[in-house]
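Asks: Sending over a structure as structure tokens; questions will come in a sec.
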Amino acid sequence: MAKIHGAVTIERERCKGCDLCVVACPCDVLALQPKEVNDRGYHFAYPAKEEACIGCAACAMVCPDACIEVYKVIVK
Amino acid sequence: MKREDIIKPENKVYSRPRLLDDNIMHYCPGCSHGVVHKIVAEVIDELGLEEHAIGIAPVGCAVFAYNYIDCDWVEAAHGRAPALATAVSRLNPDKVVFTYQGDGDLAAIGTAETIHACTRGENIVIIMINNGIYGMTGGQMSPCTLEGAKTATTPYGRRVDLNGFPLRVGNVVSILDGTCYVTRQAVHTTAAVRKAKAAIRKAFLNARAKKGTSFVEIVGTCSSGWKMSPEKSNKWMEENMFAHYPLGDIKDTDKTE
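Protein sequence lines, in the order shown, are assigned to chains A and B.
Using the working numbering, the letters of the first sequence map in sequence onto residues 1365 to 1440.
Using the working numbering, the letters of the second sequence map in sequence onto residues 2 to 258.
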């Protein structure tokens, strides 16, 4: 059976920590940094469980600041 | 599979639109404006309108829209974007002109301009972000504020006997003969973003085909003005805004003809 591997990159300085990508992710991959903040003081999002990512781009689509890039590989 | 093996240019499925500038947007975290900017930039790029689209920036939160989307822009006086769009599209008939306005700009001070541009059937696209509040000035009541909603100027909730009913601009312009496409969309979920993008794309195609005025109303959130978290404001929007502003196409002359 084909398996899908996905990965996301999040531009740390552009992220405002709005949490919308975390809510949109169907696989609970993303989370907000609990303590660390970016230069503007926001708790930015990061892929906490990156092995669960399926590259569906739901997070990137709802991101208001367009800071998420999505990559996907299908292994047959 | 290792992360380094997945993150390669040939595996990219979604990236920042090419026409979105590198400036960091001034919008609050979770603002719907960012998503709409993104899909407008994507649509302009996909239709190859980079050199042919002229945007009219409003007064309101989206006043700096010209800093974010890389096409030609003109800044209008408060509410006068449809009037300016009329002039720009008549002087440049080969260009695709669109306005990008909020509900305070379009539905309050710019009502006359909006209604008359739609009545004349100008070949423009009007994109309206309806978040039911004046976001930039600090969350005052707008004509689209829901009944009972608390704002800076209605601290006990909007009262119908005092402030009137919320205005459904989409339904108002849909009865005008000049409009060819009137739709109401949202951008709170992935599915909604896809639908909103298809609606904006159709509106741009209508303007290019000179079919008349296309009006895309996007029900959005204002988490700062509503004083909620972005996630909670999306829920509040689904529960309250959609009851008064139901989503979907209101008018489409392609289907009725």
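All C-beta atoms, glycine included, are put in the ideal place defined by N, C-alpha and C.
Computed from a predicted structure; not experimentally measured.
Please classify T138 of chain B: does DSSP put it in a helix, a strand, or coil?
Replies: Here the question's residue 138 of chain B lines up with position 137 in the second sequence. The answer is coil: DSSP assigns T138 of chain B none of H, G, I, E or B.
Asks: As an exercise, report each continuous beta strand (DSSP E) stretch of at least 3 residues that is fully enclosed by the segment 188-230 of chain B, in chain order.
Replies: 214-220
Asks: How far does the alpha helix (DSSP H) with E47 of chain B in it reach, from first residue to last?
Replies: Taking the first residue of the second sequence as 1, we reach residue 47 of chain B at position 46. From DSSP, the alpha helix (DSSP H) with E47 of chain B extends over 33-47.
Asks: Measure from the alpha carbon of Y246 of chain B to the alpha carbon of each residue in B:K236, B:R209, B:N172, then state which is nearest.
Replies: The sequence position of residue 246 of chain B within the second sequence is 245, counting from 1. Minimum Cα distance to Y246 of chain B is reached at B:N172.
Asks: Do V161 of chain B and E218 of chain B count as a contact pair if the criterion is CB distance below 8 angstroms?
Replies: Translated into the one-based positions of the second sequence, residue 218 of chain B becomes position 217. Translated into the one-based positions of the second sequence, residue 161 of chain B becomes position 160. Taking 8 angstroms as the Cβ cut-off, E218 of chain B and V161 of chain B do not qualify as a contacting pair.
Asks: Quick one: which chain B residues come within Cβ less than 7 angstroms of D1429 of chain A?
Replies: On the first sequence, position 65 is the one that residue 1429 of chain A refers to. Result: M26, G35.
Asks: Could you spell out the range, first to last residue, of the beta strand (DSSP E) harbouring E76 of chain B?
Replies: Locating residue 76 of chain B in the second sequence gives position 75, counting from the first residue. Following the DSSP letters along the chain, one finds E76 of chain B inside the beta strand (DSSP E) bounded by residues 73-76.
Asks: For H117 of chain B, which of helix, strand or coil comes out of DSSP?
Replies: Position 116 of the second sequence, counted from the first residue, corresponds to residue 117 of chain B. Note: H117 of chain B maps to helix in three-state DSSP.
Asks: Does any residue of chain A have a CB that is nearer than 8 angstroms to the CB of V194 of chain B?
Replies: Within the second sequence, the letter at position 193 stands for residue 194 of chain B. For V194 of chain B, the answer is yes, since a Cβ of chain A falls inside 8 angstroms of its Cβ.
Asks: Near D1383 of chain A, what residues of its chain come up, given a Cβ to Cβ distance below 7 angstroms and the 5 sequence neighbours on each side ignored?
Replies: As a working mapping, residue 1383 of chain A is identified with position 19 in the first sequence. Closer than 7 angstroms at the Cβ level, and outside the excluded window around D1383 of chain A, lie L1396.
Asks: Just how far apart, CA to CA, sit I1432 of chain A and I45 of chain B?
Replies: Your numbering for residue 1432 of chain A matches position 68 in the first sequence. Your numbering for residue 45 of chain B matches position 44 in the second sequence. Each residue's Cα considered, the two are about 20 angstroms apart.
Asks: I'd like to know whether the C-beta of E1493 of chain A is nearer than 8 angstroms to at least one C-beta of chain B.
Replies: Outside the shown range of chain A, which is 1365 to 1440, sits residue 1493 of chain A, and nothing can be said about it.
Asks: Measure from the C-beta of V1426 of chain A to each C-beta in chain B and report whether the shortest distance is under 8 angstroms.
Replies: On the first sequence, residue 1426 of chain A is found 62 positions in, with the first residue counted as 1. True, the Cβ-Cβ gap to chain B drops below 8 angstroms.
Asks: Return yes when the Cβ of C1427 of chain A is within less than 8 angstroms of the Cβ of C1391 of chain A, no when it is not.
Replies: Here the question's residue 1391 of chain A lines up with position 27 in the first sequence. Here the question's residue 1427 of chain A lines up with position 63 in the first sequence. Not a contact, by the Cβ cut-off of 8 angstroms.
Asks: Can you name the residues that DSSP bridges to D250 of chain B?
Replies: Taking the second sequence and counting its residues from 1, one reaches residue 250 of chain B at position 249. In DSSP, D250 of chain B forms a bridge with B:T184.
Asks: Is the beta carbon of P59 of chain B sitting closer than 8 angstroms to the one on T100 of chain B?
Replies: Counted from its first residue, the second sequence places residue 59 of chain B at position 58. Counted from its first residue, the second sequence places residue 100 of chain B at position 99. Going by C-beta atoms, P59 of chain B is nearer than 8 angstroms to T100 of chain B.
Asks: Helix, strand or coil, according to DSSP, for G61 of chain B in the structure here?
Replies: To locate residue 61 of chain B, count along the second sequence from 1; it is residue 60. Coil.
Asks: Determine the extent of the alpha helix (DSSP H) in which A1422 of chain A is found, giving its start and end residues.
Replies: Numbered from its first residue, the first sequence carries residue 1422 of chain A at position 58. Element bounds for A1422 of chain A: 1422-1426.
Asks: Measure from the C-beta of H1369 of chain A to each C-beta in chain B and report whether the shortest distance is under 8 angstroms.
Replies: Counting from one through the first sequence, the residue named residue 1369 of chain A turns up at place 5. So yes, H1369 of chain A belongs to the interface.
Asks: Let me know the secondary structure DSSP gives P167 of chain B once reduced to three states.
Replies: On the second sequence, residue 167 of chain B is found 166 positions in, with the first residue counted as 1. Note: P167 of chain B maps to coil in three-state DSSP.
Asks: So which of B:V183, B:W74, B:T155 has the shortest CA-CA distance to I55 of chain B?
Replies: As a position in the second sequence, residue 55 of chain B is number 54, starting the count at 1. For I55 of chain B, the closest C-alpha among the options B:V183, B:W74, B:T155 is that of B:W74.
Asks: With a cut-off of 8 angstroms on the beta carbons, I'd call K1440 of chain A and G1419 of chain A a contact; round off their distance for me.
Replies: Counted from its first residue, the first sequence places residue 1440 of chain A at position 76. Counted from its first residue, the first sequence places residue 1419 of chain A at position 55. In this structure K1440 of chain A does not touch G1419 of chain A by the C-beta definition: roughly 15 angstroms separates them, more than the 8 angstroms allowed.
Asks: Relative to the alpha-carbon of A78 of chain B, which residue among B:N93, B:L177, B:D106, B:N164 has its alpha-carbon at the smallest distance?
Replies: Here residue 78 of chain B refers to the residue found at position 77 of the second sequence. The residue with the shortest Cα to Cα distance from A78 of chain B is B:D106.
Asks: Measure how close the beta-carbons of C181 of chain B and T257 of chain B come, nearest whole angstrom, since I'm counting them as under 8 angstroms.
Replies: Within the second sequence, residue 181 of chain B is the residue found at index 180, counting from 1. Within the second sequence, residue 257 of chain B is the residue found at index 256, counting from 1. Not quite, the Cβ-Cβ distance comes to about 10 angstroms (not below 8 angstroms), so this is no contact.
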